[in-house]
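Read through the structure below, which is laid out as structure tokens, and then see the notes.
There are 2 protein chains.
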Amino acid sequence: MLSKNQIKLINKLKLKKHRTESNVFVAEGIKTIKELLESNLKLKHLYTTELFNIETDLETLISEADLKRISFLTTPNKALAVFEIPKSNPIDLTQMCVALDDVRDPGNLGTIIRLCDWFGVRDLICNKGTVDCFNPKVVQATMGSITRVNINYIDLEAFINDVNVPVYGAFMDGKNVYTHNALLNSGILVMGNEANGVSNSIEALITEKIAIPRFGALRATESLNVATATSILLSEFKRRTLTEK
Amino acid sequence: MLSKNQIKLINKLKLKKHRTESNVFVAEGIKTIKELLESNLKLKHLYTTELFNIETDLETLISEADLKRISFLTTPNKALAVFEIPKSNPIDLTQMCVALDDVRDPGNLGTIIRLCDWFGVRDLICNKGTVDCFNPKVVQATMGSITRVNINYIDLEAFINDVNVPVYGAFMDGKNVYTHNALLNSGILVMGNEANGVSNSIEALITEKIAIPRFGALRATESLNVATATSILLSEFKRRTLTEK
């Protein structure tokens, strides 16, 4: 049985404020939790309807009804774990990094973290307006990738101002990414907000504006979703490391 | 004021069965509805909190409260329109087509329709197990692109069996899509179910297995989301039509 107090404490972790205060976050579902347990993350407690058989004092067997009381999911998935929020490592600018400027949708951030993992991007840099990566919806959408990407929340404008590497950004009037030959395997790729794109202050710091050309002929298609655009750009950047050696 | 009967009829359109019976579907939000009004789609009725000033007998001014009663969205967006479901055109196999095998998530289907529009893919072919493209969540996610892609629901296995074009499918053990040189600008690109990938019966008909290589070094990343994988493959196919002429 879970106490009222335990339920209250876990429910609070929906909010960033409380996650920051207690330095923990929630992950749900057997598959995600198993991935996280295999990483360097420190487990604080596991609440589960099927024992994982880990250290006993870290694991509590609970009923489906209790899981419903603490789960953030519409359909709870057998287990919920509380992990310590890990310390971020310093950013390594000798490799291609992705930077996010006010990405607000948890699903988009989760997909982008998964893409960074897939394409071997070690560092994801988020401005303070980007949704928190320990938001339960983000953790869920990363499918475990969150443990393999180094994420820092910083003052993005000040950071880009201080560094001396190419800064790429996607703009409708940029150079065609497929034929543009200045792509390097280091630098920062900035992706902007879902509705407004890259902010004016960051746009002023972009050194290379690139565009994904539209092939659809008839009419102006709504611009691509930020996660989709990130996948196309990372694919194109990384492809060149294979084929242009 | 909306009558109880009107509210009931619109609410029924959440289900495919009722959409098929009455041959209409629902679109919401000013932007999406305006895009649809500019297309060849036939408007049946518009319920709106701000007049569009179209033909009077097709438009009803309603209150926010009434909009809430008929909207499928958590946060209704000023207008809801009922359009006639258009007839699909025959499939044109002289161009690259995308085929979906049991794609179940409305957000994924919506994103894939938007990608087809962006990359100039005229035909999207869905097997009967793929979520209905006139599902309100799909319509919403396409951002108007649904009017610019020709979508057919067919017996995919029988269809592929009957045609004589390259059939591409994404598999972990396929040939590297970036370096594989047999990509043509015609054929069918098959994308599979979110959890299970391409079904065995369709896999047997694939003539070219391709893979998106993983660059992340450390551990097995969960496979890419189907919409993300589609964006990378379409980008790579279409890029070659630009650079390999």
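Protein chains in written order, with this note's numbering: chain A, 1 to 245; chain B, 246 to 490.
C-beta atoms are modelled at their ideal positions from N, C-alpha and C, and glycine is treated no differently.
query	result
Own chain partners of residue 263 of chain B with C-beta closer than 7 angstroms, once the 5 adjacent residues on each side are dropped	257
Whether residue 98 of chain A touches residue 194 of chain A by CB criterion (8 angstroms)	no
Residue 385 of chain B, buried or exposed, once every other Cβ within 10 Å from all chains shown has been counted against 16	buried
Entirely enclosed alpha helix (DSSP H) segments - the segment 50-111 of chain A, minimum 4 residues	64-70
Amino acids of chain B, ordered along the chain, whose beta-carbon sits closer than 8 angstroms to that of residue 238 of chain A	460
Neighbouring residues, chain A, relative to residue 477 of chain B (Cβ below 8 angstroms)	231, 232, 235
For residue 158 of chain A, the three-state DSSP class (helix, strand or coil)	helix
Where the alpha helix (DSSP H) containing residue 11 of chain A begins and where it ends	4-12
Enclosing alpha helix (DSSP H) for residue 195 of chain A [first to last residue]	Per DSSP, residue 195 of chain A belongs to no alpha helix (DSSP H) and is neither H nor E.
Beta-carbon contacts of residue 143 of chain A that lie in its chain and below 7 angstroms, excluding the five residues immediately before and after	32, 114
Euclidean distance between Cα positions of residue 81 of chain A and residue 148 of chain A	18 angstroms
Contact with chain B by residue 119 of chain A, beta-carbon distance below 8 angstroms	yes
Test: residue 225 of chain A CB closer than 8 angstroms to a CB of chain B	yes
Residue 138 of chain A (DSSP reduced to helix, strand or coil)	helix
Buried or exposed (CB count within 10 angstroms, at least 16 for buried), residue 279 of chain B	exposed
Contact set for residue 137 of chain A: own chain, Cβ-Cβ below 8 angstroms, skip 5 residues either direction	72, 106, 107, 110
Paired residues, beta bridge with residue 396 of chain B - DSSP	B:369
Sequence-distant residues of its chain with Cβ nearer than 7 angstroms to residue 469 of chain B (five each side left out)	457
Beta-carbon proximity of residue 70 of chain A to residue 23 of chain A, cut-off 8 angstroms	no
Neighbourhood of residue 341 of chain B by C-beta, 7 angstroms cutoff - its chain only, sequence neighbours within 5 removed	366, 430, 431, 432, 434, 482
Contact set between residue 303 of chain B and chain A, taken where Cβ atoms lie within less than 7 angstroms	Near residue 303 of chain B there are no residues of chain A at all, since even the closest Cβ is about 23 angstroms away, more than 7 angstroms.
DSSP-derived helix/strand/coil call for residue 454 of chain B	strand
Amino acids of chain B, ordered along the chain, whose beta-carbon sits closer than 7 angstroms to that of residue 115 of chain A	473
Cβ-Cβ separation, residue 396 of chain B to residue 371 of chain B (assumed contact under 8 angstroms), whole Å	6 angstroms
Identity of the residues DSSP links to residue 46 of chain A by a beta bridge	A:59, A:81
Beta-carbon contacts of residue 309 of chain B that lie in its chain and below 7 angstroms, excluding the five residues immediately before and after	294
Exposure label - residue 245 of chain A; buried when at least 16 CB within 10 Å	Reliability of the predicted coordinates at residue 245 of chain A is poor, the pLDDT of 43 falling under 50, and no value is obtained from them.
C-beta atoms of residue 169 of chain A and residue 198 of chain A nearer than 8 angstroms	yes
Per DSSP, the bridge partner or partners of residue 413 of chain B	B:434, B:453
Residues of the segment 340-361 of chain B whose Cβ lies closer than 9 angstroms to any Cβ of chain A, in chain order	352, 356, 359, 360, 361
Neighbour-count burial assignment, residue 54 of chain A, 16 or more Cβ in a 10 Å radius	exposed
Test item: CB-CB of residue 166 of chain A and residue 207 of chain A under 8 angstroms	yes
Residue span of the alpha helix (DSSP H) that contains residue 448 of chain B, given as start and end	445-448
CB-CB length for residue 273 of chain B against residue 322 of chain B, believed under 8 angstroms	6 angstroms
Residue 474 of chain B in three-state terms, based on DSSP	helix
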